[in-house]
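Enquirer: Those letters in the sequence shown? Residues 1364 to 1501, by the working numbering. Below is a structure I'd like to ask you about.
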Amino acid sequence: MDPLTKTYVSLGLVVLALFLFWAAMGIFGKKDKPNPHARMILRLHRIGGYVFLVYFIWISWICLDLMGRLAEAGRGIDARGTVHGTLALMLLMILLLKLSFVRVYKKYRGYAPLLGMILSAGTLTLWGIAGLVFLFLV
């Protein structure tokens, strides 16, 4: 997959992250009466979270392949690429930590909304560092 296509495909991950943020804030971020569709929104958030995980791993695999091809061509990774890769690994660890808090370590479930906000902001930052900059340069 060429870098321009990968940039547009990864934009779907940003849209998904924004949807998941909206869904979580719609349920957990309001003090007034709960939304009558809260159960459905929570289910969509849960399903969307697993889709996000698979989508994120797929795009990361494509990025690793692209970095391997660049290395074979004799081009190293620049500072932006290093920051991008490091941030992607951090986001993956935060996502796995959030899933473990919700599914396994339930005493830490209260941290899940904070981790979700970090994931949303991190995804926007990650795409901004790589995707948006790439679109401006092309």
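Heads up, the beta-carbon is just placed ideally off N, CA and C, and yes, glycines get one too. Computed from a predicted model, the values in this text were never measured in an experiment.
Can you name, in chain order, every residue of its own chain whose Cβ lies under 8 Å from the Cβ of Phe1497, other than the five neighbours on each side?
Expert: Cβ within range, chain order: Pro1366, Leu1367, Thr1370.
Enquirer: For Gly1485, I'd like the list of residues in its chain whose CB is within less than 8 Å of its CB, leaving aside the five on either flank, ordered along the chain.
Expert: If we look at Gly1485 and ignore the five residues flanking it on each side, its Cβ neighbours are Leu1450, Met1453, Leu1454, Ile1457.
Enquirer: On the CB-based measure, 16 or more other CB atoms within 10 Å of its CB, does Lys1394 come out buried or exposed?
Expert: By the 10 Å Cβ count, Lys1394 comes out exposed.
Enquirer: Since Tyr1418 is in the alpha helix (DSSP H), which residue starts that stretch and which ends it?
Expert: Taken as a continuous stretch (DSSP letters only), the alpha helix (DSSP H) holding Tyr1418 covers 1401-1435.
Enquirer: What does a CB cutoff of less than 6 Å around Ala1401 pick up in its chain, not counting 5 residues either side in sequence?
Expert: Result list for Ala1401: Ile1390, in chain order.
Enquirer: Can you find at least 3 beta carbon pairs, one from the region 1405-1412 and one from the region 1380-1388, that sit closer than 8 Å?
Expert: Because the criterion of three Cβ pairs below 8 Å is met, the region 1405-1412 and the region 1380-1388 touch.
Enquirer: What residue range is occupied by the uninterrupted alpha helix (DSSP H) comprising Val1446?
Expert: Taken as a continuous stretch (DSSP letters only), the alpha helix (DSSP H) holding Val1446 covers 1442-1466.
Enquirer: Express the C-alpha separation of Lys1396 and Leu1429 in angstroms, rounding to a whole number.
Expert: Roughly 48 Å between the two C-alpha positions.
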